[in-house]
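Enquirer: I have a structure here, written as structure tokens, and I will follow up with some questions on it.
In our numbering, the protein residues as written are 1 to 317.
Here it is, written out as structure tokens:
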């Protein structure tokens, strides 16, 4: 009889746990944490697209399943995001130019077009055309820094349009800084007075990068982004190997293979230069390389650089 009397109490506790949003959220967080795969990268030249390429000096982070996906899938860049704990990433002026034209301001009705980015003397220069004003040429010059909440701030110290000081021209035509960049038509960009604020989580094509920028520096013609602690070291180091991508724990799918308790390392077959890797064409690099199984049932894959593949590679659907 006592057991039956306790049944309502048990049901109440169970229903309360189901109904309580905080309980569900905690359970979802635990499930996501369990499904995530630890990721370490060293000296990787990473292709988002044919022309948008960044240099990853180091990354410590996790591949986290996105939306309705239960696990990260290499064949679907939208199936996961890269949550960064610490990293050093380098973006060249040329890659930044392609990123702005082909992704950030790629919409047909984007207010600015024909952008070019250059870096010299510790300043960032951006030239382009005001598409919304009859392709009126403009140029800006400014500094770059990180914000308190981990975003990227470009402060314009000079703004010129049609070779005239833009302030007078803006007054003349009634153009405001928000007219230069209508944030609802671009990805990951907002305006704060004369500053452009870039969100790294929306700045790049998939897979999404999640993390807070702690430091920004200009070196030569490159923008250097530091996530987390600048002196953080990779947790997963390999003796005698400088260029690699290592994945540990959780479940990861690539091609027809699904690896549980993941132990996968992609190693640059030529350690003399950075590991040129293109996720969209990883299978082509995989086929051109070879693999070894470790005594712990791990997999070590030795891949040629993408830019050294002998035969032309057709984009896989």
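Every residue gets a Cβ at the ideal spot worked out from N, C-alpha and C, and that includes glycine. Note that the coordinates shown come from a computational prediction; the quantities given were computed from them, not determined experimentally.
Just curious, the alpha helix (DSSP H) that residue 303 is in, first and last residue?
Expert: Residue 303 -> not in any alpha helix (DSSP H); beta strand (DSSP E) instead, spanning 299-303.
Enquirer: Hey, out of 80, 246, 195 and 37, whose CA is closest to residue 143's CA?
Expert: Selected option, being the one with the closest Cα: 195.
Enquirer: Does residue 307 pass the burial test, meaning 16 or more other C-beta atoms within 10 Å, or should it be called exposed?
Expert: Under this definition residue 307 is an exposed residue.
Enquirer: Would you say the segment 289-309 touches the segment 260-277, given that touching needs at least three Cβ pairs under 8 Å?
Expert: The segment 289-309 vs the segment 260-277: in contact.
Enquirer: Using a Cβ-Cβ cutoff of less than 7 Å, which residues in the same chain neighbour residue 227 once the five nearest sequence positions on both sides are dropped?
Expert: Once the five neighbours on either side are set aside, the close Cβ partners of residue 227 are 84, 86, 87, 211, 212, 213 and 214.
Enquirer: Using the Cα positions of residue 50 and residue 91, report the straight-line distance between them to the nearest angstrom.
Expert: One C-alpha to the other measures close to 15 Å.
Enquirer: To the nearest angstrom, report how far apart residue 140 and residue 280 are at their CA atoms.
Expert: Between residue 140 and residue 280, the C-alpha separation is close to 34 Å.
Enquirer: Count the other C-beta atoms from every protein chain shown that fall within 10 angstroms of the C-beta of residue 297, then say buried if there are 16 or more, exposed otherwise.
Expert: With fewer than 16 Cβ atoms within 10 Å of its Cβ, residue 297 is classed as exposed.
Enquirer: Taking C-alpha atoms, which residue in 54, 193 and 285 lies nearest to residue 254?
Expert: The residue with the shortest Cα to Cα distance from residue 254 is 285.
Enquirer: Hey, would you say residue 89 sits closer than 8 Å to residue 56, going by beta carbons?
Expert: Going by C-beta atoms, residue 89 is nearer than 8 Å to residue 56.
Enquirer: May I ask you to report which of helix, strand or coil DSSP gives residue 125?
Expert: Note: residue 125 maps to strand in three-state DSSP.
Enquirer: Please go through the segment 183-238 and give each complete beta strand (DSSP E) segment of 3 or more residues, from N-terminal end onward.
Expert: Qualifying beta strand (DSSP E) stretches, in chain order: 189-192, 195-198, 208-210, 213-219 and 222-227.
Enquirer: Straight-line CA distance for residue 45 to residue 111?
Expert: Between residue 45 and residue 111, the C-alpha separation is close to 31 Å.
Enquirer: Check whether the segment 191-205 and the segment 95-106 touch, using three or more Cβ-Cβ pairs below 8 Å as the test.
Expert: With a cut-off of 8 Å, the segment 95-106 and the segment 191-205 count as touching, because enough Cβ pairs lie within range.
Enquirer: So what does residue 60 bridge to, in DSSP terms?
Expert: Answer is 40 and 86, bridged to residue 60.
Enquirer: Let's test the definition: count the other Cβ atoms within 10 Å of the Cβ of residue 97 and tell me whether it reaches 16, buried, or not, exposed.
Expert: It is buried - the Cβ of residue 97 has at least 16 other Cβ atoms within 10 Å.
Enquirer: How about residue 115 and residue 134: do their beta carbons lie closer than 8 Å?
Expert: No, they are not a contact pair.
Enquirer: If you draw a straight line from the alpha carbon of residue 174 to that of residue 82, how long is it in whole angstroms?
Expert: With a pLDDT of only 49 at residue 174, under 50, the local geometry of the prediction cannot be trusted, and the value read off the model is given with reservation. Their Cα atoms are separated by approximately 42 Å.
Enquirer: Taking the straight line between their C-alpha atoms, what separation do you get for residue 294 and residue 265?
Expert: Rounded to the nearest angstrom, the two C-alpha atoms are 11 Å apart.
Enquirer: Just curious, the alpha helix (DSSP H) that residue 99 is in, first and last residue?
Expert: Residues 93-99.
Enquirer: Quick check on the burial criterion: 16 or more other C-beta atoms within 10 angstroms. Buried or exposed for residue 219?
Expert: Exposed.
Enquirer: Is it right to say residue 171 is buried, meaning 16 or more other beta carbons lie within 10 angstroms of its own, or is it exposed?
Expert: Confidence is the limiting factor: at residue 171 the pLDDT is only 43, short of 50, which leaves the residue's position unreliable and the question unanswerable from this model.
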